[in-house]
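Chains as they are written, first to last, in the numbering used here: chain A, 206 to 319; chain B, 199 to 307.
By construction, the Cβ of each residue, glycine as well, lies at the ideal position given by its N, Cα and C atoms.
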Amino acid sequence: KAGVTQTPRYLIKTRGQQVTLSCSPISGHRSVSWYQQTPGQGLQFLFEYFSETQRNKGNFPGRFSGRQFSNSRSEMNVSTLELGDSALYLCASSLTGDGKNIQYFGAGTRLSVL
Amino acid sequence: GQQVMQIPQYQHVQEGEDFTTYCNSSTTLSNIQWYKQRPGGHPVFLIQLVKSGEVKKQKRLTFQFGEAKKNSSLHITATQTTDVGTYFCAGLPRRALTFGSGTRLQVQP
């Protein structure tokens with residue numbers, strides 16, 4: 206069974222631009238969660254999608270948005286990039302996403318904002 | 199704010215020494231999960247604890263869930279260089295799985 210796939214692996218953008226990251230979950234998994242990881246800040250929860258609906262949302266500004274498609278693939282968008290958005294963005298898929306199932310992480314997208 | 203706290207943030211041990219990381223929540227957790235992230239890698243699931251007072255072992259790793267389901271610990275006996283990485287706990291205080299800040303373990307050969 207294929208794992209969680211995130212594309213692209215690396216991105217370099219400049220301030221003010223926008224970016225879209227993609228995540229393909231494990232086949233059969235209906236929940237996709239997104240996290241931002243920066244040194245010293247651990248894993249900060251962005252949002253979780255289940256069956257194309259945003260089910261939970263973390264404390265991030267509205268510049269961070271996402272969506273999930275009918276095949277469970279998910280995208281995350283960040284508009285008007287700021288220097289502080291430089292981070293590793295991880296997505297994780299799970300069967301039902303209720304916190305009781307294992308979360309399988311992708312390798313992440315490393316975003317650098319210049 | 200962060201509802202699941204983890205200590206210490208960093209620990210450096212000599213190979214063969216023991217290591218423990220602690221996870222504390224201000225609210226009762228329905229379950230606790232532990233993940234390991236190797237340097238340059240992504241978090242990988244280690245174990246899940248569900249019952250109050252539960253103890254589980256995986257070779258040299260021992261995981262405990264507190265009686266009040268508000269704290270947990272991971273203990274590694276006789277560390278090896280392969281144990282290097284960051285260990286995260288994750289709990290469900292509300293609706294979304296909340297990760298602790300992680301404990302970075304460095305093992306000196």
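Note down the Cα distance separating residue 309(A) from residue 299(A), rounded to an integer number of angstroms.
-> In the first sequence, residue 309(A) corresponds to position 104, counting from 1. In the first sequence, residue 299(A) corresponds to position 94, counting from 1. Distance between the alpha carbons of residue 309(A) and residue 299(A) is about 6 Å.
Might you give, ordered along the chain, the residues of its own chain that have their beta carbon closer than 8 Å to the beta carbon of residue 258(A), omitting 5 neighbours on each side?
-> Counted from its first residue, the first sequence places residue 258(A) at position 53. If we look at residue 258(A) and ignore the five residues flanking it on each side, its Cβ neighbours are 273.
Under the rule that 16 or more other beta-carbon atoms within 10 Å means buried, what is residue 288(A), buried or exposed?
-> As a first step, residue 288(A) must be located in the first sequence, where it is residue number 83. So residue 288(A) ends up on the exposed side.
Coil, strand or helix - residue 272(B) by DSSP = For the purposes of this step, residue 272(B) is identified with residue 74 of the second sequence, where counting begins at 1. Residue state, collapsed to three classes: strand.
Interface positions of the stretch 240-253 of chain B facing chain A (Cβ-Cβ less than 9 Å), listed along the chain = For the stretch 240-253 of chain B, residues whose beta-carbon sits nearer than 9 Å to a beta-carbon of chain A comprise 240, 241, 242, 243, 246 and 248.
Among all the DSSP beta bridges, which residues are the ones paired with residue 210(A)?
-> By 1-based counting over the first sequence, the position of residue 210(A) is 5. The partner list for residue 210(A) (beta bridge, DSSP) reads 229(A).
Any residues in the stretch 274-301 of chain B with a beta carbon nearer than 9 Å to a beta carbon of chain A? Which ones, in chain order?
-> For the stretch 274-301 of chain B, residues whose beta-carbon sits nearer than 9 Å to a beta-carbon of chain A comprise 284, 286, 288, 289, 290, 292, 293, 294, 295, 296, 297, 298, 299 and 300.
Limits of the beta strand (DSSP E) - the one that residue 253(A) falls within | By 1-based counting over the first sequence, the position of residue 253(A) is 48. Where residue 253(A) is concerned, the enclosing beta strand (DSSP E) stretches over 247-255.
Do we get a CB-CB distance below 9 Å when we pair residue 220(B) with the residues of chain A?
-> Taking the second sequence and counting its residues from 1, the one referred to as residue 220(B) is at position 22. No, because no Cβ of chain A sits closer than 9 Å to the Cβ of residue 220(B).
Is the stretch 203-220 of chain B touching the stretch 214-234 of chain A, taking contact as three or more C-beta pairs under 8 Å?
-> no
Within-9 Å CB hit, residue 262(B) to chain A | In the second sequence, the residue the question calls residue 262(B) occupies position 64. It does not: the Cβ of residue 262(B) has no partner Cβ on chain A nearer than 9 Å.
Could you tell me the boundaries of the beta strand (DSSP E) in which residue 303(B) lies?
-> Working through the second sequence from its first residue, we reach residue 303(B) at position 105. First-last of the beta strand (DSSP E) with residue 303(B): 301-306.
Among 247(A), 228(A) and 246(A), the one whose alpha carbon lies nearest that of residue 239(A) = Taking the first residue of the first sequence as position 1, residue 239(A) is located at position 34. Measuring from the Cα of residue 239(A), the nearest candidate turns out to be 228(A).
Taking C-beta pairs closer than 9 Å, name the residues in chain B that residue 247(A) reaches, listed in chain order.
-> Counting from one through the first sequence, the residue named residue 247(A) turns up at place 42. 200, 204, 284, 286, 297, 298, 299 and 300, listed in chain order.
Residue 295(A) and residue 311(A) closer than 9 Å at C-beta | Stepping through the first sequence from its first residue, residue 295(A) is reached at position 90. Stepping through the first sequence from its first residue, residue 311(A) is reached at position 106. Taking 9 Å as the Cβ cut-off, residue 295(A) and residue 311(A) qualify as a contacting pair.
Mind checking if residue 290(A) is an interface residue toward chain B, Cβ cutoff 9 Å exclusive?
-> Position 85 of the first sequence, counting from 1, holds the residue named residue 290(A). For residue 290(A), the answer is no, since every Cβ of chain B falls outside 9 Å of its Cβ.
Listed by chain order, chain B residues near residue 307(A) by CB distance under 8 Å | Here residue 307(A) is taken as the residue at index 102 of the first sequence, counted from 1. Chain B residues near residue 307(A): 231, 243 and 246.
With residue 289(B) as the anchor, note down where its beta strand (DSSP E) starts and where it stops.
-> Residue 289(B) sits at position 91 when you count from the first residue of the second sequence. 283-289 is the extent of the beta strand (DSSP E) around residue 289(B).
What residue does the beta strand (DSSP E) around residue 229(B) start on, and which one ends it?
-> Mapped onto the second sequence, residue 229(B) falls at position 31. Premise fails: residue 229(B) is in no beta strand (DSSP E) and is neither H nor E.
For residue 295(B), which residues of its own chain have a beta-carbon under 7 Å away from its beta-carbon, when the five flanking residues on both sides are left out?
-> Position 97 of the second sequence, counted from the start, is the residue given in the question as residue 295(B). Cβ within range, chain order: 288.
Considering only C-alpha positions, which residue in the set 303(A), 291(A), 281(A) and 319(A) is nearest to residue 212(A)?
-> Start at 1 with the first residue of the first sequence, and residue 212(A) comes out as number 7. Closest in alpha carbon position to residue 212(A), among 303(A), 291(A), 281(A) and 319(A), is 281(A).
Can you say whether residue 254(A) is buried or exposed, counting buried as having 16 or more other CB atoms within 10 angstroms of its CB?
-> To locate residue 254(A), count along the first sequence from 1; it is residue 49. With 16 or more other Cβ atoms within 10 Å, it is buried.
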